[in-house]
Amino acid sequence: MSPTELSHFFCPTSIHIGVGSYRKVTDSLRRWKVSHLMVLLDAALLKSSFYADIENLLKEEVEHYEIYTDIEPDPSAHTVEKAYQVCRDSGATVLLAIGGGSTIDVAKAVGILATNGGKIHDYEGIEKFSTPPLPLIAIPTTAGTGSEVSGSCVITDTERNLKMSIRHASLNPADVAILDPLALRTVPQHVAAHSGLDAFVHAFESYISRQANPFTDAINLHALTLISGSIRPFTANRNNLTASLDMLCGSALAGMAFGQTGLGNVHCMARFVGSYFHLSHGLSNALCLPHVAAFNLPANSAKYAKVAQAMGEHVQGMPERLAAHKALESIRSLCTDLDIPSRLREAGVQEDKLDEMAELCVRANYNRWNPRDTSLHDFQRLFHEAF
Ligand SMILES: [Fe+2]
């Protein structure tokens, strides 16, 4: 950013960190004097020992808790509506989300409807609501979206076949986030890799964003160090609690930053790759990452040199341009080590849709954040190179 540009940094979430920090859920329940609670839970965790331990605490702390598990990946507005009905009928005054980004995003949307009324569609965009949502405690069970601290939630409008982004930097992050590695022990290996790479891309794209500022830079560089240092051992063994904690912290740090800086062409392209070919958000990002990273390098090679360093490359004393290219090598080897296909075609993407997706990317206007101006021709080239 230039020194004459105004910028801002804010994170309102209180964060508990560490093995066993799930027990801190009781502090918030007591502080808010909660008698009726709604628990939004990833169904895969219903029978887990992690949830059983939390449920034992809830039995002691609250009069009534309602469990809601009917949440799909890329959750729809219909799911939000159903969950909201359950919330209303239960009389819940506080929400507890235990799950990945989808679960936390539905909880955020329910909280907004509970205090602002209407439909979730009414709040698509930036700061479209003004009443604080129901208090939310979020316990992420994947390290990826950073939704527990970010100011956005993403809900799919199935009628219009698009994802609505509901953003409010001060009112949409959870009130309390609990980053407990015990929550990550049952994550499948491919989900660990794909969601972990999503977190990496958040930190990377936020760091090189046009809207980056000194606060987001400091946060993102450390997020890059934590994630690139721990994503391999974490993916290999989700019971590696040290690597898990690094991933949770890296993902949350990036979540604090990218809401303020915006993201770039990786997320722009992945948005359409994911929705056209039903690929997960993390995998769609990972497929586009090496190609976009190479395209964006000329816009800010100084920052790429710092990315290389954060990723553990020995670049001291190297000319900036060579150090910057080390970041590209490091990113490529990260994707290879995590079994990401090197071509879009290997993941099921069809060539006849590439130009159509390129046009949608131009319309999405990520040039607001992406460091290198990107034209329709550039997006076409990027898609065809990645194919
Ligand atoms: Fe993402």
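The numbering of the sequence shown is our numbering, which starts it at 639 and goes up by one. Even for Gly, the Cβ is constructed at its ideal location relative to N, Cα and C.
#1: So is the beta-carbon of Asp712 under 7 Å away from any non-hydrogen atom of ligand 1?
#2: Let me check understanding here. Comparing Cα to Cα, which of Val1000, Ile653, Thr794, Asp680 lies closest to Asn761?
#3: For Asp975 versus Arg870, is the C-beta distance shorter than 8 Å?
#4: With Met885 as the anchor, note down where its alpha helix (DSSP H) starts and where it stops.
#5: Taking Cβ positions, are Asn934 and Gly902 nearer each other than 8 Å?
#6: In terms of residues, what are the limits of the beta strand (DSSP E) holding Thr794?
#7: Is there contact between the stretch 773 to 789 and the stretch 732 to 739, where contact requires at least three CB pairs shorter than 8 Å?
#8: Any heavy atom of ligand 1 within a distance shorter than 7 Å of the CB on His832?
#9: Should the stretch 684 to 699 be regarded as contacting the stretch 918 to 931, the criterion being three or more beta carbon pairs within less than 8 Å?
#10: Report the partner residues of Pro778 according to the DSSP bridge assignment.
#11: Thinking C-alpha only, which one of Leu960, Arg1019, Thr753 is nearest Glu989?
#12: Identify every residue that forms a DSSP beta bridge with Glu984.
#13: Quick one: what does DSSP say Ile764 is sitting in, helix, strand or coil?
#14: Considering only C-alpha positions, which residue in the set Leu774, Ala745, Tyr722 is nearest to Gly756?
#15: Verify the contact flag: Asp836, CB atom, against every heavy atom of ligand 1, threshold strictly below 7 Å.
#16: Identify whether His963 lies in helix, strand or coil by the three-state DSSP scheme.
#17: Do Val930 and Val911 come within 8 Å of each other at the CB atom, strictly closer than that value?
#18: Note down the Cα distance separating Ala1002 from Ala747, rounded to an integer number of angstroms.
#19: Rounded to whole angstroms, what's the CA-CA distance from Ile655 to His1015? Just pull it up for me.
#20: Using alpha carbons as the reference points, say which of Ser847, Thr824, Leu972, Glu704 lies closest to Ala730.
In this structure, then:
#1: Sequence index remark: in the sequence shown, residue 712 carries index 74 (1-based). No, the Cβ of Asp712 stays beyond 7 Å of every heavy atom of ligand 1.
#2: Sequence index remark: in the sequence shown, residue 761 carries index 123 (1-based). Looking at the sequence shown, residue 761 is not Asn but Tyr. The candidate whose alpha carbon is nearest that of Tyr761 is Thr794.
#3: In the sequence shown, residue 975 corresponds to position 337, counting from 1. In the sequence shown, residue 870 corresponds to position 232, counting from 1. In this structure, Arg870 lies closer than 8 Å to Asp975 by Cβ.
#4: As a position in the sequence shown, residue 885 is number 247, starting the count at 1. Taken as a continuous stretch (DSSP letters only), the alpha helix (DSSP H) holding Met885 covers 879 to 899.
#5: Position 296 of the sequence shown, counting from 1, holds the residue named residue 934. Position 264 of the sequence shown, counting from 1, holds the residue named residue 902. The answer is yes: Cβ separation under 8 Å.
#6: Position 156 of the sequence shown, counting from 1, holds the residue named residue 794. Taken as a continuous stretch (DSSP letters only), the beta strand (DSSP E) holding Thr794 covers 790 to 795.
#7: yes
#8: The sequence position of residue 832 within the sequence shown is 194, counting from 1. No, Cβ of His832 sits at least 7 Å from all heavy atoms of ligand 1.
#9: no
#10: Your numbering for residue 778 matches position 140 in the sequence shown. Bridge partners of Pro778: Gly737.
#11: One-based indexing of the sequence shown puts residue 989 at position 351. Cα-wise, what sits closest to Glu989 is Arg1019.
#12: The residue you call residue 984 lines up with position 346 of the sequence shown. For Glu984, DSSP records no beta bridge to any residue.
#13: As a working note, residue 764 is residue 126 in the sequence shown. If DSSP states are grouped into helix, strand and coil, Ile764 belongs with the strands.
#14: As a working mapping, residue 756 is identified with position 118 in the sequence shown. When only C-alpha atoms are compared, the closest one is Tyr722.
#15: Translated into positions along the sequence shown, residue 836 becomes position 198. The answer is yes for Asp836.
#16: Position 325 of the sequence shown, counted from the start, is the residue given in the question as residue 963. Three-state result, His963: helix.
#17: If you number the sequence shown from 1, residue 911 lands on position 273. If you number the sequence shown from 1, residue 930 lands on position 292. Going by C-beta atoms, Val911 is not nearer than 8 Å to Val930.
#18: Taking the first residue of the sequence shown as position 1, residue 1002 is located at position 364. Taking the first residue of the sequence shown as position 1, residue 747 is located at position 109. Straight-line Cα distance between these residues: approximately 23 Å.
#19: The residue you call residue 655 lines up with position 17 of the sequence shown. The residue you call residue 1015 lines up with position 377 of the sequence shown. Cα to Cα, the separation comes out at about 45 Å.
#20: Locating residue 730 in the sequence shown gives position 92, where the first residue counts as 1. Of the candidates Ser847, Thr824, Leu972, Glu704, the one whose C-alpha sits nearest the C-alpha of Ala730 is Glu704.
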